[in-house]
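Last residue of the sequence shown: 457 in my numbering, with the numbers rising by one and none dropped.
No residue lacks a Cβ here, since even glycine has one placed at the ideal position from N, Cα and C.
A short write-up of the structure that comes next.
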Amino acid sequence: MPSLEVEKLSKRNHYEAIADQVKQLILDGKLKVGDKLPSTKQMSEQFGVGRSTTREALSALKAMGLIDIRQGGGCRVIRNAPIDMELPELASLRMNRKTVLELLEAREALEVSGAAIAAVKRTDEDLKQLGDLIEEMKRTVGDETEGERLDLQFHLTLAKATHNTIMVRLFESIMNYIETAIHDIRRVELYASAAVAERLYKEHSAIFEAIEQQDTERAAERMKQHLQHIESIVLKHLGEG
């Protein structure tokens, strides 16, 4: 495994400082696209912090669009500059309730219109990929890790089915931040419950059917219902602002 040229931290639990140092290594070209980062354990030892602090730093780098966090914890550099959408409100990992709500609102606006566009522009190949994901979802209902992965893959594939590169980039930007902000909620509230996982499968399946039939209104309506269901769960978890 590679070793990073980093400085040990003087403050405890300072994930921003770790994220800043790794970000600088990427910007300076010392870490290149495709390079694998050391393990969480190795990085924690190098920085002199606990693993949870390192994980928070990695989540922040993922939100910037710089790295990809694989199942099993391996991380790889996927961009050599942060994604374009650098808003100050999204810089902190611990986003406040208002910011999370605005992200969910932006996602709904983008994905509801995206579903309608995909219903018109989707190709047979798009349809096959979406159908395969729905089949996998059906087989893995109750598997938290797979449920989370397939959910994201379904929505990304649907964004790509718009054949609008700007919409895809906007979706990826927004989802990077949403994933970071509500990752724990997704795990605990959405996939740990078999009943909720089953309902999510049915919602995804209904969206797929509308897109298969090229019914723009129904695709948009079903996407809206699905995302409002997710929002209601997130709001319940966040409590009153």
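**Prompt:** Helix, strand or coil for V316 per DSSP?
**Reply:** Assignment of V316 by DSSP, reduced to helix, strand and coil, places it in the helix class.
**Item:** Beta-ladder partner(s) of V293, from DSSP
**Value:** Note: V293 sits in a beta bridge opposite I283.
**Nearest neighbour of A235, chosen from H442, G281, D251 and V249 [CA to CA]** = The shortest CA-to-CA distance from A235 to any of H442, G281, D251 and V249 is the one to G281.
**Request:** Note down, in chain order, each residue of its chain lying with its Cβ closer than 7 Å to the Cβ of L319, except the 5 sequence neighbours on either side.
**Result:** Cβ neighbours of L319 beyond the five flanking positions: I390, Y393, I394 and A397.
**Prompt:** Measuring CB to CB, does L349 end up less than 8 Å from I427?
**Reply:** It is not a contact, given that the beta carbons lie outside the stated cut-off.
**Item:** the region 330-345 contacting the region 428-436, beta-carbon criterion three pairs below 8 Å
**Value:** Segments in contact, yes.
**Neighbour-count burial assignment, V265, 16 or more Cβ in a 10 Å radius** = Its Cβ being crowded by 16 or more others within 10 Å, V265 is buried.
**Message:** Excluding the 5 residues flanking E362 on each side, which residues of the same chain have their C-beta closer than 7 Å to its C-beta?
**Reply:** Closer than 7 Å at Cβ, skipping near neighbours: T356.
**Message:** Could you tell me which whole alpha helix (DSSP H) segments of length 4 or greater appear in the region 325-413?
**Reply:** The qualifying runs are 340-355, 360-376 and 381-401.
**Spatial distance of C291 from D340 (CA atoms)** = Their Cα atoms are separated by approximately 33 Å.
**Item:** G347 Cβ short of 7 Å to the ligand FMN heavy atom set
**Value:** Within the structure as shown, the ligand FMN is missing, as the structure has no ligands at all.
**Asked** Is T381 buried or exposed, if buried means 16 or more other CB atoms sit within 10 Å of its CB?
**Response** So T381 ends up on the exposed side.
**Item:** Identity of the residues DSSP links to K459 by a beta bridge
**Value:** The structure shown does not extend to residue 459, since the chain spans only 217 to 457, so no value can be given for it.
**Request:** Count the other C-beta atoms from every protein chain shown that fall within 10 angstroms of the C-beta of V249, then say buried if there are 16 or more, exposed otherwise.
**Result:** Looking at its Cβ environment, which holds fewer than 16 other Cβ atoms inside 10 Å, V249 is exposed.
**Asked** Can you tell which of Q369, L247 and E327 has its C-alpha closest to the C-alpha of Q444?
**Response** Taking Q444 as reference, the option from Q369, L247 and E327 with the minimal CA-CA separation is E327.
**DSSP state of K246 mapped onto helix, strand, coil** = DSSP places K246 in coil when its eight states are reduced to three.
**Request:** Sort E414, F263, R313 and H420 by Cα distance to D359 and report the nearest one.
**Result:** Among E414, F263, R313 and H420, the Cα nearest to that of D359 belongs to E414.
**Simplified DSSP state of L451, which is helix, strand or coil** = Helix at L451.
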